[in-house]
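Novice: Once you've had a glance at the structure underneath, I'll fire off some questions.
Protein chains: 2
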Amino acid sequence: MVIFFPQKHRMAIIILAFLVIHLVFSRSIAMATNPTVLPSWNEGSSKSSILEFVNRVTAENSPDYVPPAERIAVFDNDGTLWSEKPFYFQGFFLIDRLKAMVKDHPEWRNEQPYRTILEGDREAIAGFTEKDIVRLLAVTHTGMTVEEFQTLSIDWLKNAEHPRFNRPFTEIVFQPQLELLDYLRANGFKIFIVSGGGIEFVRAFSEEVYGIPPEQVIGSSVKTRFEERDGRSTLVKLPELGSYDDREGKPVNINLHIGRRPILAFGNSDNDLAMLQYTADHRRSSLILLLHHDDGSREWAYDRDTRIGRLDTALDEATRRGWTIVSIQRDFQRVYPFDRSD
Amino acid sequence: MVIFFPQKHRMAIIILAFLVIHLVFSRSIAMATNPTVLPSWNEGSSKSSILEFVNRVTAENSPDYVPPAERIAVFDNDGTLWSEKPFYFQGFFLIDRLKAMVKDHPEWRNEQPYRTILEGDREAIAGFTEKDIVRLLAVTHTGMTVEEFQTLSIDWLKNAEHPRFNRPFTEIVFQPQLELLDYLRANGFKIFIVSGGGIEFVRAFSEEVYGIPPEQVIGSSVKTRFEERDGRSTLVKLPELGSYDDREGKPVNINLHIGRRPILAFGNSDNDLAMLQYTADHRRSSLILLLHHDDGSREWAYDRDTRIGRLDTALDEATRRGWTIVSIQRDFQRVYPFDRSD
Numbered sequence: 016m017v018i019f020f021p022q023k024h025r026m027a028i029i030i031l032a033f034l035v036i037h038l039v040f041s042r043s044i045a046m047a048t049n050p051t052v053l054p055s056w057n058e059g060s061s062k063s064s065i066l067e068f069v070n071r072v073t074a075e076n077s078p079d080y081v082p083p084a085e086r087i088a089v090f091d092n093d094g095t096l097w098s099e100k101p102f103y104f105q106g107f108f109l110i111d112r113l114k115a116m117v118k119d120h121p122e123w124r125n126e127q128p129y130r131t132i133l134e135g136d137r138e139a140i141a142g143f144t145e146k147d148i149v150r151l152l153a154v155t156h157t158g159m160t161v162e163e164f165q166t167l168s169i170d171w172l173k174n175a176e177h178p179r180f181n182r183p184f185t186e187i188v189f190q191p192q193l194e195l196l197d198y199l200r201a202n203g204f205k206i207f208i209v210s211g212g213g214i215e216f217v218r219a220f221s222e223e224v225y226g227i228p229p230e231q232v233i234g235s236s237v238k239t240r241f242e243e244r245d246g247r248s249t250l251v252k253l254p255e256l257g258s259y260d261d262r263e264g265k266p267v268n269i270n271l272h273i274g275r276r277p278i279l280a281f282g283n284s285d286n287d288l289a290m291l292q293y294t295a296d297h298r299r300s301s302l303i304l305l306l307h308h309d310d311g312s313r314e315w316a317y318d319r320d321t322r323i324g325r326l327d328t329a330l331d332e333a334t335r336r337g338w339t340i341v342s343i344q345r346d347f348q349r350v351y352p353f354d355r356s357d
Numbered sequence: 016m017v018i019f020f021p022q023k024h025r026m027a028i029i030i031l032a033f034l035v036i037h038l039v040f041s042r043s044i045a046m047a048t049n050p051t052v053l054p055s056w057n058e059g060s061s062k063s064s065i066l067e068f069v070n071r072v073t074a075e076n077s078p079d080y081v082p083p084a085e086r087i088a089v090f091d092n093d094g095t096l097w098s099e100k101p102f103y104f105q106g107f108f109l110i111d112r113l114k115a116m117v118k119d120h121p122e123w124r125n126e127q128p129y130r131t132i133l134e135g136d137r138e139a140i141a142g143f144t145e146k147d148i149v150r151l152l153a154v155t156h157t158g159m160t161v162e163e164f165q166t167l168s169i170d171w172l173k174n175a176e177h178p179r180f181n182r183p184f185t186e187i188v189f190q191p192q193l194e195l196l197d198y199l200r201a202n203g204f205k206i207f208i209v210s211g212g213g214i215e216f217v218r219a220f221s222e223e224v225y226g227i228p229p230e231q232v233i234g235s236s237v238k239t240r241f242e243e244r245d246g247r248s249t250l251v252k253l254p255e256l257g258s259y260d261d262r263e264g265k266p267v268n269i270n271l272h273i274g275r276r277p278i279l280a281f282g283n284s285d286n287d288l289a290m291l292q293y294t295a296d297h298r299r300s301s302l303i304l305l306l307h308h309d310d311g312s313r314e315w316a317y318d319r320d321t322r323i324g325r326l327d328t329a330l331d332e333a334t335r336r337g338w339t340i341v342s343i344q345r346d347f348q349r350v351y352p353f354d355r356s357d
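Order-wise, the sequence lines are chains A and B.
Numbering-wise (my numbering), the first sequence opens with residue 16 and increments by one.
Numbering-wise (my numbering), the second sequence opens with residue 16 and increments by one.
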């Protein structure tokens, strides 16, 4: 909102300006010493590297100063902002959709890959080929309007529960990351999610859960067709891949949607490596963060030896290039919002 | 930026709050009567329909109130924000690129479609087939990194001049539209350009000229490939169409990039019709604007009988559905920023 300052308010404006300067100043002093900044992050090198970077790019007298418009941060979603075990949460949505649809498709009970899903054989599900998954996605995620899909996603997110924690999936998010998003926003960053998950699925909860609006969500997508239904123009989701927002697809889509390189990237697996490299190679100073799932008791422990969220090459690259490896065990004072704080 | 309010500042904050309320209040009174709102728009039904709509969706006690996050406005670029005659300005860029490249490709002097361009035969250029254009775009717009293309575009925009006005193309923008963009932003709208032009070409000037950052520019695009060049990861533009952001492609890309329907759309030709329909069919109140080029002396006059910027079906649909048809002759008090105000 633009506010005009008529002559008679000039004195009040000067007072206000001093007040703002004072408040901002006391705040930046507070930041260096006050444990209320990122309270769910333990003190240590990870937290320090974040605070140090943000101070460096936001201080106007810093040689690394970045104007607000260029403070773009990108976050992977699965395994970075929320958990991704026992498998990607969108997989549970797919299974529940299939179960709801089977009454109209009784033949699926004897047909693969549907049968495996309906029987709940998790081992077999984890071994699905890409072709199986594409077929399942086509059946459960397309052939309806974008708006109908949004309603389905929102309803499911309200009612479904994570099998380990018996809570809605939208609560299985990392409390330290929610605080980091707030902290970055407070420092003028614009945050984008860059997810291998479906763009419309992530958009169904990103605003409410992360405060990230749909236009700042990038993800995998199917093609859509513009058409009229019931006298109203709408978009129908087609069973044809638009973009697979994974690995090299991530920087490609960052360029398509954002149009400039981010200065901060946070990922957790080899699927994020290209996005991390692209950000690291910014001509400006950038911060690269990699979440290491090393806490089997509070969350899950996995890296090189897993199918979902495999962290292997990216771990080596992070070590080689000195990126910040964030350990859930060491750096997260609290993991989920529902965990008791010590 | 988040500012913490310690106890001792409470009184100052209260004073500040009253001040802000007072300033905002005096402003909203001013808006209804003050001709300083949209000064380059003549008083009349077009200007009224804009002011009335914005007041209606921003007044919190209005039944049509729209929360700020959903105040999405989309603008076509060619012919809506800047002129598009004698042909799309990006065409001049293409021609200049080709002329600069011909010294390394002397064979083009005898080869079509290059020869037509190099000889400057505008009639023949206007008659190019889509295949010709795709070939010319491939040669002039791809095979380089995104960053190299950005540099080429920015340099060209600095030096090239429009043949009629002998001024940089970035000055051939509509002054009333610049004011409308500011007015919408001041009222909490987030504005996106949705252009048939190349996404990276439009991004090269959108921030400076319109105040619209690259992540709010949607346009036609070629595919890109993530690769390492000179030890640095980068994206290379490929001679393969990614998306043609025109006609039905516009709502498709609005959904892909924004993820919700706009409540305001402004276009000028049949190429924008699908975008206008998509916005008009929002379940909320929406405003649809169509710019009619009817001023041959100050700008250009054309509608049903032209190749570039043809306005035919969309004009009928606008009349039928009661959309706001903005006349350059009648509604624009001033056309370009360099025009003298009366």
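Note that CB positions come from ideal geometry on N, CA and C, so glycine has one too.
This structure is a prediction, so every number in the text was calculated from the model and none was measured.
#1: Just by C-beta distance, which residues in the segment 234-266 of chain A are closer than 7 Å to chain B?
#2: Quick check on A/Lys205: does DSSP put it in helix, strand or coil?
#3: For the segment 264-287 of chain A, enumerate the residues whose C-beta is nearer than 7 Å to any C-beta of chain B, in chain order.
#4: Pick helix, strand or coil for B/Ser210, following the three-state DSSP scheme.
#5: Rounded to the nearest angstrom, what separates B/Leu172 and B/Phe164 at their Cα positions?
#6: Can you check DSSP and say which residues form a bridge with B/Ala280?
#7: What span of residues does the alpha helix (DSSP H) with A/Ile148 cover, start to end?
#8: Cβ closer than 8 Å: which chain B residues qualify as neighbours of A/Ala84?
#9: Classify B/Val217 as helix, strand or coil using the three-state DSSP reduction.
#10: Evaluate B/Gly142 with the Cβ neighbour count: other Cβ atoms within 10 Å of its Cβ, from every protein chain shown; 16 or more gives buried, anything less gives exposed.
#11: Classify A/Glu255: buried if its beta carbon has 16 or more other beta carbons within 10 angstroms, exposed otherwise.
#12: Following the continuous beta strand (DSSP E) through B/Pro266, name the residue where it begins and the one where it ends.
#13: Got a sec: does the ligand PLP put a non-hydrogen atom nearer than 8 Å to the Cβ of A/Lys173?
#14: Cβ closer than 9 Å: which chain A residues qualify as neighbours of B/Val232?
#15: So which residues on chain A does B/Val72 lean against when the C-beta distance must stay under 8 Å?
#16: Residues of chain D with CB under 9 Å from A/Val161, in chain order?
#17: For chain A, check one thing: does any of its Cβ atoms lie closer than 9 Å to the Cβ of B/Asp147?
#18: In angstroms with no decimal places, state the Cα-to-Cα distance between A/Pro54 and A/Ala329.
#19: Starting from B/Asp296, find everything on chain A with Cβ-Cβ shorter than 8 Å and list it in chain order.
#20: Please state the DSSP three-state secondary structure of A/Asp170.
#21: How many angstroms separate the CA atom of A/Lys62 from the CA atom of A/Arg313?
#22: So, are the CB atoms of B/His308 and B/Gly158 less than 9 Å apart?
#23: My output table needs one value for B/Ala316: the three-state DSSP class, helix, strand or coil.
#24: Taking only runs that begin and end inside the segment 62-120 of chain A, name each unbroken alpha helix (DSSP H) of 4 or more residues, in chain order.
#25: Looking at the structure shown, is B/Ser60 part of a helix, part of a strand, or coil, going by DSSP?
#26: Can you name the residues of chain A whose CB is closer than 8 Å to the CB of B/Gln292?
#27: Ordered along the chain, which non-local residues of its own chain (more than five positions away) have a Cβ less than 6 Å from that of A/His37?
#28: Does B/Thr185 come out as helix, strand or coil in the three-state DSSP assignment?
#29: Can you tell me whether A/Pro191 is buried or exposed, with buried defined as 16 or more other CB within 10 angstroms of its CB?
#30: Can you name, in chain order, every residue of its own chain whose Cβ lies under 7 Å from the Cβ of A/Pro128, other than the five neighbours on each side?
#31: What is the DSSP secondary structure of B/Phe164, reduced to helix, strand or coil?
#32: Start and end of the beta strand (DSSP E) containing B/Ile343?
#33: When you compare the CB of A/Phe207 with every CB in chain B, is at least one pair closer than 9 Å?
#34: Leaving out five residues on either side along the sequence, give the residues of the same chain with a beta carbon under 6 Å from the beta carbon of A/Phe368.
#35: Using only CA atoms, which one of A/Leu253, A/Arg240, A/Thr249, A/Ile269 lies nearest to A/Gln231?
#36: Under DSSP, the alpha helix (DSSP H) around A/Leu291 begins and ends at which residues?
Specialist: Short version:
#1: Ser236, Thr239, Phe241, Arg247, Ser248, Leu250, Glu263, Pro266
#2: strand
#3: Pro266, Val267, Asn270, Leu271, His272, Ile273, Gly274, Arg275
#4: strand
#5: 12 Å
#6: B/Val89, B/Ile303
#7: 145-156
#8: Glu222, Pro228
#9: helix
#10: exposed
#11: exposed
#12: Counting along the chain, B/Pro266 falls outside any beta strand (DSSP E), though it belongs to the alpha helix (DSSP H) covering 264-272.
#13: This structure simply doesn't include the ligand PLP, nor any ligand for that matter.
#14: Gly274
#15: Correct list: empty, because the minimum Cβ distance to chain A is about 14 Å.
#16: Any reference to chain D falls outside this structure, whose protein chains are A and B.
#17: no
#18: 28 Å
#19: Arg247, Ser248, Thr249
#20: helix
#21: 20 Å
#22: no
#23: strand
#24: 104-116
#25: helix
#26: Ser248
#27: Low confidence applies to A/His37: its pLDDT is 49, below 50, so where it sits in the model is not reliable, and the reading given next is rough at best. Result list for A/His37: empty, nothing under 6 Å.
#28: helix
#29: buried
#30: Phe143, Asp147, Arg150, Leu151
#31: helix
#32: Counting along the chain, B/Ile343 falls outside any beta strand (DSSP E), though it belongs to the alpha helix (DSSP H) covering 343-346.
#33: yes
#34: Nothing about residue 368 of chain A can be read from this structure; chain A reaches only from 16 to 357.
#35: A/Ile269
#36: 288-295
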